[in-house]
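Engineer: Sharing a structure with you now.
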Amino acid sequence: MNVVFTLASILPLLAILAPILLIAGLSVARTCPVALRLAPWGALPGLVCALLPAGGDLNLPWLLLGSSLDLDTTGRSFLFLFGMLWLAAGLYTRGYLADDPKKKRFWIFFLLTMCGNLGLPLAKGVLDFYLFFALMSFSAYGLVVHDNSPSARRAGRLYLSLVLIGEVLLFVGFGLAVNGAQSLRLTDISYHLATADQRDLIIGLLLAGFGIKAGIIPLHIWLPLAHPAAPVPASAVLSGAMIKAGLLGLMRLLPLGEALLPGWSQVLIISGIIMAFYGVLVGLCQIQAKTVLAYSSISQMGFPLIGLGLGLAQPAAWPLLTGAVTFYALHHGLAKGTLFLGVGMSSAPSTGSPRRLLIATLLILPALSLSGAPLTSGALAKSALKPFLGGAPDIWAASLPWLLSLAAIGTTLILARFLFVLYAGTDQGHTPKPSMWAGFGLSAGGVLLCAAALVPLGENRLEMPSPGWNQLWPVAVGILLAGAFWFRSRGRSVAQEPVIPASDLFVLLESAGTAGNIAGIAAKLSSSLQKGAAGVAAAIASIRLSGAHDLPPVFELVLRRLPAAGVCFTILLLLLLFL
Amino acid sequence: MSVPLIYTAAGIFLFLLGTYGLVAYAHLLRKILAANIMGSGVFMAFIAVAGRTPGAPDPVPHAMVLTGIVVTVAFTSVALALAVRIARTSSRVHLSGRDEEQ
Amino acid sequence: MDAVLLTHPWSVWTIIVPLAAAVLAFLVPRRAPLAGIITALSVALFVAATAYRIFLAGPHTQMLGGWQAPLGITLRADGPALIMLLTSGLVGLTVSLYATGYFTAADRQQRYFWPLWLLLWAACNALFLSGDLFNLYVTLELVTLSSIALAALNGSPAALDGAMRYLLAGLLGSLSYLLGVALIYGAYGTVDLTLLGQTVRADGLSRAALALMTAGLLLKTALFPLHFWLPPAHASAPPPVSALLSGLVVKAPLLILFRLWFEVFPDTATAGMAHLLGILGCGAIIWGSLMALRQQRLKLLVAYSTVAQIGYFFLLFPLARGEAAATAWVGVFLLVLAHGCSKASMFLVCGTITRLAGHDRLAGLAGAGGTLGARLLVFALAAVTLVGMPPSSGFIAKWLLINAAIVAGQWWYLATIALGTLLASGYVLRVLSLAFTESQSPPLPVAPRILRWPPLALSVVAVLLGLAAFHPAVLTLAGAPVSGIILLEMVP
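Chains Z, B and A, in that order, give the protein sequences.
In terms of my numbering, the first sequence has 1251 at position 576, counting the first letter as 1, and numbering is strictly consecutive.
In terms of my numbering, the second sequence has 87 at position 81, counting the first letter as 1, and numbering is strictly consecutive.
In terms of my numbering, the third sequence has 721 at position 365, counting the first letter as 1, and numbering is strictly consecutive.
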């Protein structure tokens, strides 16, 4: 008993230390082969930690300015999600990058990112949280640029610039929030944020800082570039787990359940709706399976954000709503992770038809889940959100149910588009190796666990709604629409498809009428936003005040002259005397 | 005006004069000489301080001035060595950039 | 055993050992590297023992030769001095190790490097421990003199020019400081910091003395816009020397400034003066970073980054007025430690790169894969601390600084710190992006081990110091002239 208790209390620490130890193993030549063999299992302690009932408050006063790790209900759910995805991606990577000459470098960045991500749900203090968040964000750069193609490097640059901006915004926001609360604990901070002097400024900074990770429009611009640029397993964790880190940050720090903030509630709901539709519209115009999925992630992240908005509008309901939002994150994370992993499994020519069928089934299952088909985790997640929609401010109370159904049609369409693109063969998969199957299977199993509500959710109990027309019709309409588009486009081979903004479906939409213009504008807007952001990134990365020459600018030359220095010295002396 | 005050004021005047010379002249030897004048000004202020109390002068400032002189001598010799080396390697006796008044 | 550890004046040995070794290295040049290494190791030990004693028994003073304060020389080992000694120990040990590999026996520079560096080290440690204004002057002059000689070590025209500028600036600064000391002695008849702290009146004379001393020390610290001498001197010196100048030497006048402002003249210094220094600090952060962004040579980039980082130290003056004093104090001292380690490491990496590639032009390093790329990654690791990314010590320091800025309600300092962080990541990324590009040039030879490990170890230490920042943070406040609560999550 005693031993079990001790193990459970150090498990949180082990969850974080395991990746670090593996990195240490990888960097020593003698232990490298062992570490390479063990690396895929790096997330296992974290996952076990999320599943074991015990687990305590672990104080580490010597760390940073004093830190402590703890696992509450929300943290446990997120740790489960992150653990599942990183384990699945780790197993998958073992097969996927088996022959990659740079795999050691990949594993180091992979484990660093994992360490940051797994630490987030455990962090109890704001400094720990910031540490893990930054560790995750910066290390992920190595995953994005792994392929070292020009597009990956471009995506990496954009990603890094936005990460930097986000980190600085969060840094300032955390500083302000900590000073209001006079405490470093996340719970104290969110409690005091409700009444803080600079409440709106802090919330704005947090929203922008975390919004970059969560893909809030227009801060999402890095996402459709970076997620597809990374190798398949890295895309899975980027889109499944890391995107949720932004959500977790918002859930931890916003004064949810503490204050009624109708203004911010509207901001969150409106951004959520914009994300839900914008993601679909632009995603439909993409020709790469992973890009389609990345846009779908933006669209899907709109829903938990709407959930947060609802929470700010009805503080009393937050304790129940938190379960719904968490579950949505879990469900989407696992389903999206499975879909991403499936991209690398799909079009292997050597696989026999039964295997192909199995892969297709394992892809359609999460796709249906995401669109919210009856008896799937999606239906469960959406029904969990539904009771709270009435509490939305203004017109949203009445319109949200309809908008969500419309969004579900969009989700169905975009996932149909994904499957179409995938099977039309623009993305090249690998021959699935056994460990890739293990990862893919684990992730798909997670989707099933979600549907059975067999995931750690604390006291929040979710009831699967009985299948009904309400859940079925958006999916049905979506499938019908997708079928109609496919019917119109058959006969045209994929290679002839124009690139963004005019993709195959876009042409169809154009012939259908005005809707095409909207999609076209959306696509153009998106690409111009991306260009703009890339420009800003380039500017940050290489500010040159004037031409590239060695001579310093005139002002510096003037300062360097001794008489000028003498004048400066005298002025300074006089100022010090008389100020 | 008491005698120590006059000496102090003169010391500060020498200090300012030296400062002007240090920054305004281009020739390195002049700069070094100006720095020595600055130093003399400071030491003069110290000596004046020693005489501020009636009776026997305070010995501590004298000790400080002696130390200060040693430091200044060391600085001057390093500066001269540097100036000589600059004159040898780049055949000029001023700093690079030709930015000071000649 | 513990009694010896807690009563012996360990800190005195950090002065005596390098001083003796300097003489030895001058007399027996052949054995100089050995003497240097033994000194480095023993100084590190003595610093550790001093830290242990201060941690358990608090700050302590030592009268040299048993002479009392007005006549004798008092050495004080308190929290601020300890942080400086830690910086000196870490940077000194690393640079000494590196220098054994960098200067070869055939090299003429080696003969002069060791005696000068050991003298510099003794002078630095003596300065950190000094407890009176005049002793501070003498040690500061020793520091400056040996630094100038070191900066001119390679004898190139650029180095001589840089050293000459350094010397002239140093002379102006130190004589201005000395005039202030004369005024103070004239008015109060003592130069002991503690005694002065009790007797100084906030009158015009004190004000004039403070202004003179401050202006002189600003020139020696190279605060913007008086930084003209720093980039040429630091960039043209041999890399181990640059590491010492940037990592250690600029902190010496800084400590004197802190002691003057917070121990001797807390009431004389006005808010206007403090904000003047703060605003100049902001100017340094922005101007230094902008200049670093547009440098074409790696070493100049690092030198201008020092100009920028010096600005952060000066935020202490405005931020430490009021309730945020302790937070700002700890933040700035941690930053001194963090900057010392990271900057020294960056200069040493520059040295290795220059040795390998034969130059340090950024354009020529593009496509630097392989062995150069690995060096650039070490550079990036050191830069983690410089930029202030978690979990490095630089992060903790900046975190405390922005907290102090918020508590003090001084938003422009907060904004400057944020902007400075962005700009710093900008110039670091410029260098780092070279490491991620594919190699085009023929492979270069691998650097000798002694040129690879010391900078790596130092940058790792700088990062880990942030993870274990709790004890340094507490130690900084031992005997510090500020008090207050700093926000620590778990106070044991």
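Every residue gets a Cβ at the ideal spot worked out from N, C-alpha and C, and that includes glycine.
1. Mind listing the chain B neighbours of A/L523? Cutoff is C-beta to C-beta under 8 Å, in chain order.
2. Quick check: is the beta carbon of B/I92 nearer than 8 Å to any beta carbon in chain Z?
3. Please say whether A/T727 and A/L737 have beta carbons closer to each other than 8 Å?
4. From the DSSP output, which residues share a beta bridge with Z/L735?
5. For the putative contact between Z/Y767 and Z/G1121, defined by C-beta atoms under 8 Å, what is the C-beta separation to the nearest angstrom?
6. Compute the Euclidean distance between the alpha carbons of A/S749 and A/L770, then round it to the nearest angstrom.
7. Kindly indicate the opening and closing residues of the alpha helix (DSSP H) around A/A719.
8. What do you get for A/W767, buried or exposed, if any count of 16 or more other CB atoms within 10 angstroms of its CB means buried?
9. Using a Cβ cut-off of 8 Å, pull out every chain B residue sitting near Z/G1241, in sequence order please.
10. How big is the Cα-Cα spacing for A/I394 and B/V84?
11. Indicate whether at least one CB of chain B lies closer than 8 Å to the CB of A/A505.
12. Please classify A/V740: is it buried, with 16 or more other beta-carbons within 10 angstroms of its beta-carbon, or exposed?
13. Excluding five sequence neighbours on each side, which residues of the same chain lie with their C-beta closer than 8 Å to the C-beta of Z/L689?
14. Do B/A87 and B/V99 have their beta-carbon atoms positioned less than 8 Å apart in this structure?
15. So, with DSSP's three-state summary, where would you put A/D488?
16. So, helix, strand or coil for Z/L1254, using DSSP?
17. Does A/S839 pass the burial test, meaning 16 or more other C-beta atoms within 10 Å, or should it be called exposed?
18. Put B/Y26 into one of helix, strand or coil per three-state DSSP.
19. Mind listing the chain A neighbours of Z/A1325? Cutoff is C-beta to C-beta under 7 Å, in chain order.
20. Any Cβ of chain Z within less than 8 Å of the Cβ of A/L691?
21. Buried or exposed for Z/K778, please, with buried defined as at least 16 other CB atoms from any protein chain shown within 10 angstroms of its CB.
22. Classify A/S661 as buried or exposed, calling it buried when 16 or more other Cβ atoms lie within 10 Å of its own Cβ.
23. Is there at least one Cβ from chain A nearer than 8 Å to B/G74's Cβ?
24. May I ask which residues mark the beginning and end of the alpha helix (DSSP H) holding Z/Q975?
25. In the DSSP output, what is Z/A798 paired with across the bridge?
26. Determine the DSSP secondary structure at A/D548, reduced to helix, strand or coil.
27. Could you tell me whether the Cβ of Z/L795 comes closer than 8 Å to any Cβ of chain B?
28. Using only the alpha-carbon positions, how far apart do Z/R1031 and Z/P1107 sit?
29. With a cut-off of 8 Å on the beta carbons, I'd call A/S486 and A/T495 a contact; round off their distance for me.
30. On the three-state DSSP scale, how would you describe A/L579?
31. Return the Cβ separation of Z/L793 and Z/F755 in integer angstroms, given the expectation that the two are a contact with Cβ distance under 8 Å.
32. With which residues is Z/L1032 paired in a DSSP beta bridge?
33. Applying the criterion that 16 or more other CB atoms from any shown protein chain within 10 Å of the CB defines a buried residue, is Z/S972 buried or exposed?
34. Residues of chain B with a CB under 7 Å from the CB of A/Y541: which are they?
35. Quick one: what's got a C-beta closer than 8 Å to A/Q465's C-beta in the same chain, skipping five residues either side?
36. Of all the CB atoms in chain B, is at least one closer than 8 Å to the CB of Z/L1237?
Structural biologist: On the basis of the supplied data:
1. The residue given as residue 523 of chain A occupies position 167 in the third sequence. Near A/L523 (Cβ distances below 8 Å), the residues of chain B are F81, V84, A85, L88.
2. Position 86 of the second sequence, counted from the start, is the residue given in the question as residue 92 of chain B. By this cut-off, B/I92 is not an interface position.
3. One-based indexing of the third sequence puts residue 737 of chain A at position 381. One-based indexing of the third sequence puts residue 727 of chain A at position 371. No, they are not a contact pair.
4. Numbered from 1 along the first sequence, position 60 holds the residue referred to as residue 735 of chain Z. Answer is Z/S742.
5. Position 92 of the first sequence, counted from the first residue, corresponds to residue 767 of chain Z. Position 446 of the first sequence, counted from the first residue, corresponds to residue 1121 of chain Z. Wrong, their Cβ atoms sit about 13 Å apart, outside the cutoff.
6. Position 393 of the third sequence, counting from 1, holds the residue named residue 749 of chain A. Position 414 of the third sequence, counting from 1, holds the residue named residue 770 of chain A. Cα-Cα distance, rounded: 18 Å.
7. Numbered from its first residue, the third sequence carries residue 719 of chain A at position 363. Unbroken alpha helix (DSSP H) run through A/A719: 718-721.
8. As a working note, residue 767 of chain A is residue 411 in the third sequence. Result: exposed.
9. Here residue 1241 of chain Z refers to the residue found at position 566 of the first sequence. Within 8 Å Cβ-Cβ: T25, Y26, L28, V29, A30.
10. Along the third sequence, one-based indexing puts residue 394 of chain A at 38. Along the second sequence, one-based indexing puts residue 84 of chain B at 78. The alpha-carbon separation between A/I394 and B/V84 amounts to approximately 29 Å.
11. Here the question's residue 505 of chain A lines up with position 149 in the third sequence. At least one beta carbon of chain B lies nearer than 8 Å to the beta carbon of A/A505.
12. Looking up residue 740 of chain A in the third sequence gives position 384. Burial call: buried.
13. Residue mapping note: residue 689 of chain Z aligns to position 14 of the first sequence, counting from 1. Sequence-distant Cβ neighbours of Z/L689 in its own chain, meaning closer than 8 Å and more than five residues away, are P720, C724.
14. The count along the second sequence starts at 1 and reaches residue 99 of chain B at position 93. The count along the second sequence starts at 1 and reaches residue 87 of chain B at position 81. When the beta-carbon positions are compared, B/V99 and B/A87 stay at least 8 Å from each other.
15. Stepping through the third sequence from its first residue, residue 488 of chain A is reached at position 132. In the three-state reduction of the DSSP assignment, A/D488 falls in the strand class.
16. Taking the first sequence and counting its residues from 1, the one referred to as residue 1254 of chain Z is at position 579. Residue state, collapsed to three classes: coil.
17. Here residue 839 of chain A is taken as the residue at index 483 of the third sequence, counted from 1. Classification for A/S839: exposed.
18. Sequence index remark: in the second sequence, residue 26 of chain B carries index 20 (1-based). Correct three-state label for B/Y26: helix.
19. Absent from the structure is residue 1325 of chain Z, since the part of chain Z shown begins at 676 and ends at 1254.
20. Stepping through the third sequence from its first residue, residue 691 of chain A is reached at position 335. Interface flag for A/L691 against chain Z is unset, since no Cβ pair is found closer than 8 Å.
21. As a first step, residue 778 of chain Z is located in the first sequence; it is residue number 103 there, counting from the start. With a threshold of 16 other beta carbon atoms within 10 Å, Z/K778 meets it and is buried.
22. As a position in the third sequence, residue 661 of chain A is number 305, starting the count at 1. Label assigned to A/S661: buried.
23. Your numbering for residue 74 of chain B matches position 68 in the second sequence. Cβ-Cβ to chain A under 8 Å: yes for B/G74.
24. Position 300 of the first sequence holds residue 975 of chain Z. Looking at the DSSP string, the run of the alpha helix (DSSP H) that includes Z/Q975 is 964-988.
25. Within the first sequence, the letter at position 123 stands for residue 798 of chain Z. Note: Z/A798 is bridge-paired with Z/L744 in the DSSP secondary-structure output.
26. On the third sequence, position 192 is the one that residue 548 of chain A refers to. Note: A/D548 maps to strand in three-state DSSP.
27. Taking the first residue of the first sequence as 1, we reach residue 795 of chain Z at position 120. Any Cβ of chain B closer than 8 Å to the Cβ of Z/L795 would place that residue at the interface, and such an atom is absent.
28. Counted from its first residue, the first sequence places residue 1031 of chain Z at position 356. Counted from its first residue, the first sequence places residue 1107 of chain Z at position 432. Between the alpha carbons of Z/R1031 and Z/P1107 lies a gap of roughly 11 Å.
29. What you label residue 486 of chain A is simply residue 130 of the third sequence in a count that begins at 1. What you label residue 495 of chain A is simply residue 139 of the third sequence in a count that begins at 1. Separation of the CB atoms of A/S486 and A/T495 is rounded to 6 Å, and the pair is thereby assigned contact status at 8 Å.
30. Walking along the third sequence from the start, residue 579 of chain A turns up at place 223. When secondary structure is reduced to three states using DSSP, A/L579 falls in the coil class, being assigned neither helix nor strand.
31. Here the question's residue 793 of chain Z lines up with position 118 in the first sequence. Here the question's residue 755 of chain Z lines up with position 80 in the first sequence. No, Z/L793 and Z/F755 are not in contact; Cβ-Cβ is about 11 Å, not under 8 Å.
32. For the purposes of this step, residue 1032 of chain Z is taken as the residue at position 357 of the first sequence. According to DSSP, which records beta bridges pairwise, Z/L1032 is partnered with nothing at all.
33. Residue 972 of chain Z sits at position 297 when you count from the first residue of the first sequence. Note on Z/S972: 16 or more other CB atoms within 10 angstroms of its CB, so buried under the neighbour-count rule.
34. Within the third sequence, residue 541 of chain A is the residue found at index 185, counting from 1. Near A/Y541 (Cβ distances below 7 Å), the residues of chain B are V55, P67.
35. Against the third sequence, residue 465 of chain A aligns to sequence position 109. Hits under 8 Å: F459, L509, N510, P594.
36. By one-based count along the first sequence, residue 1237 of chain Z stands at place 562. Closer than 8 Å: yes.
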